[in-house]
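Trainee: Residues in the sequence shown are numbered consecutively from 456, following mature numbering (1 follows the signal peptide of the UniProt record, and there is no 0).
All residues carry an ideal CB built from backbone N, CA and C; glycine is no exception.
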Amino acid sequence: LKQLPANTLLRKPLVTGHRGMPGTTDENTLEGARAAVAAGADAVENDIYMTTDRHLVIMHDDTVTRTTNGTGRIEDMTLAQVKQLKTKPSGLSVPTLQEFFAEFKGRNVSHFIELKSTTAGIVPLLKEELEKAGVRDQVVAISFSGDQLNRMAETLPEISTGFLNSSADAGDVAVNLRNILNGTQLYSSTYNPSFAGLTQATMEAGKHRGTTFWPWTINTENDFYRFYSYGTHGITTDHAYWAKDFPVAI
Ligand code: G3P
Ligand code: CA
Numbered sequence: 456l457k458q459l460p461a462n463t464l465l466r467k468p469l470v471t472g473h474r475g476m477p478g479t480t481d482e483n484t485l486e487g488a489r490a491a492v493a494a495g496a497d498a499v500e501n502d503i504y505m506t507t508d509r510h511l512v513i514m515h516d517d518t519v520t521r522t523t524n525g526t527g528r529i530e531d532m533t534l535a536q537v538k539q540l541k542t543k544p545s546g547l548s549v550p551t552l553q554e555f556f557a558e559f560k561g562r563n564v565s566h567f568i569e570l571k572s573t574t575a576g577i578v579p580l581l582k583e584e585l586e587k588a589g590v591r592d593q594v595v596a597i598s599f600s601g602d603q604l605n606r607m608a609e610t611l612p613e614i615s616t617g618f619l620n621s622s623a624d625a626g627d628v629a630v631n632l633r634n635i636l637n638g639t640q641l642y643s644s645t646y647n648p649s650f651a652g653l654t655q656a657t658m659e660a661g662k663h664r665g666t667t668f669w670p671w672t673i674n675t676e677n678d679f680y681r682f683y684s685y686g687t688h689g690i691t692t693d694h695a696y697w698a699k700d701f702p703v704a705i
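1. Which full runs of the beta strand (DSSP E) of 3+ residues lie inside the stretch 502 to 571, going along the chain?
2. Could you name the residues whose beta carbon sits closer than 6 Å to any heavy atom belonging to ligand 2, keeping them in chain order?
3. Let's test the definition: count the other Cβ atoms within 10 Å of the Cβ of K457 and tell me whether it reaches 16, buried, or not, exposed.
4. Could you check whether the Cβ of T691 sits closer than 6 Å to any heavy atom belonging to ligand 1?
5. Cβ of W697 versus every heavy atom of ligand 1: is any distance shorter than 6 Å?
6. Does the pairing of the stretch 501 to 515 with the stretch 575 to 593 give three or more beta-carbon distances under 8 Å?
7. Hey, out of L581, G561, T666, whose CA is closest to D592's CA?
8. Indicate the three-state DSSP secondary structure (helix, strand or coil) for I673 in the structure shown.
9. How would you call E500, buried or exposed, if buried means at least 16 neighbouring beta carbons within 10 angstroms?
10. What are the boundary residues of the alpha helix (DSSP H) that includes G617?
11. Counting beta carbon pairs with one atom in the stretch 682 to 700 and one in the stretch 654 to 671, are three or more of them shorter than 8 Å?
12. If you reduce the DSSP assignment to three classes, tell me which class Y685 lands in.
13. Report yes or no: do three or more beta-carbon pairs, one from the stretch 594 to 603 and one from the stretch 615 to 623, lie closer than 8 Å?
14. So is G638 buried or exposed if we call it buried at 16+ other beta carbons inside 10 Å?
15. In the DSSP assignment, find the beta strand (DSSP E) that holds P648 and state where it starts and stops.
16. Considering only residues of the same chain and omitting the five flanking positions on each side of residue 447, which have a CB-CB separation below 6 Å?
17. Below 8 Å on the Cβ atoms is my contact criterion, and I expect T645 with H473 to pass it. Report the Cβ-Cβ distance as a whole number of Å.
18. Would the beta-carbon of L552 be found less than 6 Å away from any heavy atom of ligand 4?
19. So what does DSSP say about A498, is it helix, strand or coil?
20. Classify V590 as helix, strand or coil using the three-state DSSP reduction.
21. One question on the structure: do V549 and V512 come within less than 7 Å of each other, judged by their Cβ atoms?
22. In this structure, how does DSSP classify H473 when only helix, strand and coil are distinguished?
23. Is residue 721 near T610, with beta carbons less than 7 Å apart?
24. Given this structure, state the Cα-to-Cα distance separating T520 from D481, to the nearest angstrom.
25. What three-state label does DSSP hand F599 in the structure shown?
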């Protein structure tokens with residue numbers, strides 16, 4: 456932590472394993488999530504879609520082509536078809552959300568579930584699956600989609616949500632703050648921007664108005680420690696093992 460100025464007030468942010476721990480383990484797999492938690496992550500992040508027979512499955516892209524040995528849109532497949540797929544490069548299976556819930560239920564692990572799909576039926580199905588698994592207290596739903604976050608607020612108002620945003624910094628803290636408050640106060644609990652569009656000045660202004668900051672995807676050690684020193688609330692990273700290098704939390 457040599458990059459931190461002397462006497463910096465250190466507060467450990469919550470470290471989230473982005474798609475598990477890609478780089479060492481295939482993205483969005485149960486094995487990747489286990490690896491991230493074993494490496495020191497406090498939480499894991501995964502993206503979800505709904506199959507034609509109403510199961511929630513974990514995948515980043517809307518097609519299976521990049522990350523598996525198959526082709527086609529994941530939302531055109533049944534669960535049985537998804538379960539035939541093998542992930543690249545290690546040949547692991549594509550997990551269901553229920554498998555994640557079973558893995559982490561009752562453990563000190565939070566699960567950031569990104570509603571990547573804009574399909575409306577996902578939110579009521581998520582409600583059913585959360586009730587079945589009994590893990591409401593461990594999940595945060597995040598999305599770039601205001602429609603999905605509004606549906607979350609109507610259907611599952613007790614679940615924390617995060618407003619994902621990839622906007623560039625406007626260069627004007629007042630403009631940034633207005634955008635943040637418009638987004639977070641309408642339909643979400645937290646602000647989850649791309650780290651590239653987030654400045655220390657904007658964070659300070661937003662924190663003063665009660666916003667919490669959960670930037671993604673921070674993949675260099677310099678940026679990791681830089682946002683740590685800014686007092687970020689969370690850090691989403693492909694390199695969850697960096698969490699182990701944090702000094703004592705306060
Ligand atoms: O945690 C937010 C982040 O996952 C959003 O980007 O493309 O990796 O889903 P993406
Ligand atoms: Ca994601």
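Mentor: Inspection of the coordinates gives the following:
1. Within the stretch 502 to 571, complete beta strand (DSSP E) segments of at least 3 residues are found at 511 to 513, 565 to 570, given in chain order.
2. What you get when you keep residues with a C-beta closer than 6 Å to any heavy atom of ligand 2 is E500, D502, E569.
3. Walking along the sequence shown from the start, residue 457 turns up at place 2. Low per-residue confidence applies at K457: pLDDT is 49, beneath 50, and the placement is therefore not dependable, though the value from the model is reported in the following sentence. Burial call: exposed.
4. Working through the sequence shown from its first residue, we reach residue 691 at position 236. Yes.
5. Here residue 697 is taken as the residue at index 242 of the sequence shown, counted from 1. No, the Cβ of W697 stays beyond 6 Å of every heavy atom of ligand 1.
6. At 8 Å Cβ cutoff, the stretches touch.
7. Against the sequence shown, residue 592 aligns to sequence position 137. Of the listed residues, the one whose Cα sits closest to D592 is G561.
8. Translated into the one-based positions of the sequence shown, residue 673 becomes position 218. Three-state DSSP puts I673 in coil, outside helix and strand.
9. On the sequence shown, position 45 is the one that residue 500 refers to. So E500 ends up on the buried side.
10. If you number the sequence shown from 1, residue 617 lands on position 162. Taken as a continuous stretch (DSSP letters only), G617 belongs to no alpha helix (DSSP H), being part of the beta strand (DSSP E) at 615 to 620.
11. Yes, the stretch 654 to 671 is in contact with the stretch 682 to 700.
12. Residue numbering aside, residue 685 sits at position 230 when the sequence shown is read from its first letter. Secondary structure at Y685: coil, using DSSP grouped into helix, strand and coil.
13. Because the criterion of three Cβ pairs below 8 Å is met, the stretch 594 to 603 and the stretch 615 to 623 touch.
14. Here residue 638 corresponds to residue number 183 of the sequence shown, with the count starting at 1. Label assigned to G638: buried.
15. Residue 648 sits at position 193 when you count from the first residue of the sequence shown. Per DSSP, P648 is one residue of the beta strand (DSSP E) stretching across 645 to 648.
16. An answer regarding residue 447 cannot be provided, because it is not within the stretch 456 to 705 covered by the chain.
17. For the purposes of this step, residue 645 is taken as residue 190 along the sequence shown, with counting starting at 1. For the purposes of this step, residue 473 is taken as residue 18 along the sequence shown, with counting starting at 1. Rounded, the Cβ-Cβ distance is 16 Å, inconsistent with contact.
18. Within the structure as shown, ligand 4 is missing, the only ligands being ligand 1 and ligand 2.
19. Against the sequence shown, residue 498 aligns to sequence position 43. Under the three-state reduction of DSSP, A498 is assigned to strand.
20. Here residue 590 refers to the residue found at position 135 of the sequence shown. Reduced to three states, the DSSP call for V590 is coil.
21. Within the sequence shown, the letter at position 94 stands for residue 549. Within the sequence shown, the letter at position 57 stands for residue 512. By the CB criterion at 7 Å, V549 and V512 fall inside the cutoff.
22. Along the sequence shown, one-based indexing puts residue 473 at 18. H473 falls in the strand class under three-state DSSP.
23. Given a span of 456 to 705 for the chain in the structure shown, any question on residue 721 remains unanswerable.
24. In the sequence shown, counting from the first residue as 1, residue 520 sits at position 65. In the sequence shown, counting from the first residue as 1, residue 481 sits at position 26. Answer to the nearest angstrom: the Cα atoms are 14 Å apart.
25. Locating residue 599 in the sequence shown gives position 144, counting from the first residue. Correct three-state label for F599: coil.
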